[in-house]
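End of the sequence shown = 707 in this note's numbering, gap-free, step of one.
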Amino acid sequence: MNDDVTQYINKTQPWQIDVCEKLRAMIDETVPGVEERLQYGKPHYLKNGHYAAVIAVAKSKVSFMIFNATDLPEVKGFLRSMGNGERKTVDITEGQDVDYGTLSSFLGKTTAAL
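Rendered as structure tokens:
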């Protein structure tokens with residue numbers, strides 16, 4: 594675990610710390626050999642030098658973005674496309690139930706070929 598990422602997470606609200614730590618653990622379990630680093634002011638996760646995911650904390654949400662996600666379908670109210678659809682994002686708000694298993698499945702699919 595990267596100390597800069599830990600510091601980034603620990604500066605957020607308690608509920609956001611919980612979500613970020615769960616996402617962080619899920620990424621580590623899902624992507625063997627994942628590299629964690631703070632880049633562009635946010636935690637980025639890379640596999641073999643390729644972007645796999647990003648966690649971004651805003652005032653009222655935690656966003657989790659998956660790269661290489663062109664083949665993932667949008668899920669209304671859960672997973673939305675960014676840009677040309679190569680990236681997909683989930684916005685998590687306080688008190689929301691998060692399906693980390695589904696996120697892990699999506700991330701596993703998008704990182705398998707990296």
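Backbone N, C-alpha and C fix where the C-beta goes; we use that ideal spot for every residue, glycine too.
Going by DSSP, residue 656 is part of no alpha helix (DSSP H) but of the beta strand (DSSP E) stretching over 654-659. Within a 10 Å sphere around the beta-carbon of residue 666 sit fewer than 16 other beta-carbons, which makes this residue exposed. Cβ atoms of residue 668 and residue 645 stay farther apart than 8 Å, at about 19 Å. DSSP places residue 618 outside any beta strand (DSSP E); the residue lies instead in the alpha helix (DSSP H), whose first and last residues are 607-623. Checking the DSSP bridge columns, you'll see residue 700 has no partner listed. Spanning the alpha carbons of residue 631 and residue 596 requires a straight line of approximately 9 Å. Assigned with DSSP and collapsed to three states, residue 600 falls in helix.
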